[in-house]
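In numbering that gives the first Met the number 0, the protein residues as written are 0 to 190. Have a look at the structure below, then the notes.
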Amino acid sequence: MPIKRSAAVILALIMMLGCLVGCGSQYSPGGNSLNDSSSWVSVTSEDGKYQLQVPAKWKDLKGQLSQDATLEYGDPSKEQYLMLLPESKESLSMNFKEYTTVILHNIASNMENAVIDQTADIAIQETPATLTGISGSSDQIKVQYWVYTVETQQDFLQVVTCTLQSKAEETKPLIEQVVGTLQPVSEESKQ
0 MPIKRSAAVI LALIMMLGCL VGCGSQYSPG GNSLNDSSSW VSVTSEDGKY
50 QLQVPAKWKD LKGQLSQDAT LEYGDPSKEQ YLMLLPESKE SLSMNFKEYT
100 TVILHNIASN MENAVIDQTA DIAIQETPAT LTGISGSSDQ IKVQYWVYTV
150 ETQQDFLQVV TCTLQSKAEE TKPLIEQVVG TLQPVSEESK Q
């Protein structure tokens, strides 16, 4: 169910961020513009259904953030993380708005002093979606999430992105660029 998955996602991201902060990782902006196509690569979810363009410097973090994610990428040195968690619509007895509410509530309930921004209705590659920022802390680490929920024909998707609050302003444009490339894998490219 989405509730259990989201809790595991939150805890994994917070633990990874905590380790990186404790290890003294440094952030240096630059080099990740979508205008420089040589610095971006296409990645496909484990189930072969969705793809994204991510900075070439991002690493495959498979199994490090969530057991349920079908795609996990990020740049630990810059505290930038993204994961994709699909949920089959057939297995859920809720609509898209209810799904989004459950996901956001679950993430916020696993944080201290959580502040949930107003949810914005958006489109990603002409697909209905929402974007909600959630900030708060866990284990005294201040984190910023941008949670995208997306409704496809067969699935509801969570695209959970995360960074430290101190990196949020400089990280958000990159996250928006990456998530903006989300699309279903076409039948032609599967063959």
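All C-beta atoms, glycine included, are put in the ideal place defined by N, C-alpha and C.
If you draw a straight line from the alpha carbon of residue i to that of residue j, how long is it in whole angstroms?
{"i": "Glu209", "j": "Met93", "result": "The first residue shown for the chain is 0 and the last is 190, placing residue 209 beyond what the model contains."}
{"i": "Glu111", "j": "Ile140", "result": "10 Å"}
{"i": "Thr151", "j": "Thr126", "result": "7 Å"}
{"i": "Tyr144", "j": "Gln157", "result": "12 Å"}
{"i": "Pro85", "j": "Ile123", "result": "15 Å"}
{"i": "Lys166", "j": "Ile115", "result": "18 Å"}
{"i": "Ile102", "j": "Thr180", "result": "22 Å"}
{"i": "Asp46", "j": "Phe155", "result": "14 Å"}
{"i": "Asn109", "j": "Ser137", "result": "8 Å"}
{"i": "Ala113", "j": "Gly135", "result": "4 Å"}
{"i": "Gly29", "j": "Val42", "result": "Below a pLDDT of 50, predicted positions are generally treated as unreliable, and Gly29, at 42, falls in that range; the measurement from the model is reported next regardless. Between Gly29 and Val42, the C-alpha separation is close to 21 Å."}
{"i": "Ser24", "j": "Glu169", "result": "Any reading at Ser24 is ruled out, since the residue's pLDDT is 37, under 50, leaving its predicted position unreliable."}
{"i": "Ser90", "j": "Tyr98", "result": "12 Å"}
Reducing DSSP to helix, strand and coil, say where residue i ends up.
{"i": "Glu78", "result": "coil"}
{"i": "Ser137", "result": "strand"}
{"i": "Leu103", "result": "helix"}
{"i": "Ser87", "result": "strand"}
{"i": "Glu125", "result": "coil"}
{"i": "Lys96", "result": "helix"}
If you follow the alpha helix (DSSP H) that residue i is in, where does it begin and where does it stop?
{"i": "Glu168", "result": "Ala167 to Val178"}
Using alpha carbons as the reference points, say which of the options lies closest to residue i.
{"i": "Gly132", "options": "Cys161, Glu111 and Ile123", "result": "Cys161"}
{"i": "Asp74", "options": "Ile106, Val177, Thr148 and Thr129", "result": "Val177"}
{"i": "Pro54", "options": "Ala107, Asn105, Ser38 and Lys171", "result": "Ser38"}
{"i": "Lys96", "options": "Lys48, Thr129, Asn105 and Gln52", "result": "Thr129"}
{"i": "Ala119", "options": "Asn105, Val149 and Ile106", "result": "Val149"}
Assuming residue i is part of the beta strand (DSSP E), what are its boundary residues?
{"i": "Val158", "result": "Asp154 to Leu163"}
{"i": "Thr43", "result": "Trp39 to Thr43"}
{"i": "Asn112", "result": "Glu111 to Ile115"}
{"i": "Val53", "result": "Tyr49 to Pro54"}
What residues in its chain sit with their C-beta under 6 Å from that of residue i, if we drop five residues either side in the sequence?
{"i": "Glu71", "result": "Leu60, Lys61, Leu64 and Met82"}
Which same chain residues, not among the five before or five after residue i, have their C-beta less than 8 Å away from its C-beta?
{"i": "Lys58", "result": "Tyr72, Gly73, Asp74 and Pro75"}
If you drop the 5 nearest sequence neighbours on each side, which residues of the same chain put their C-beta closer than 7 Å to that of residue i?
{"i": "Gln153", "result": "Ser87 and Lys88"}
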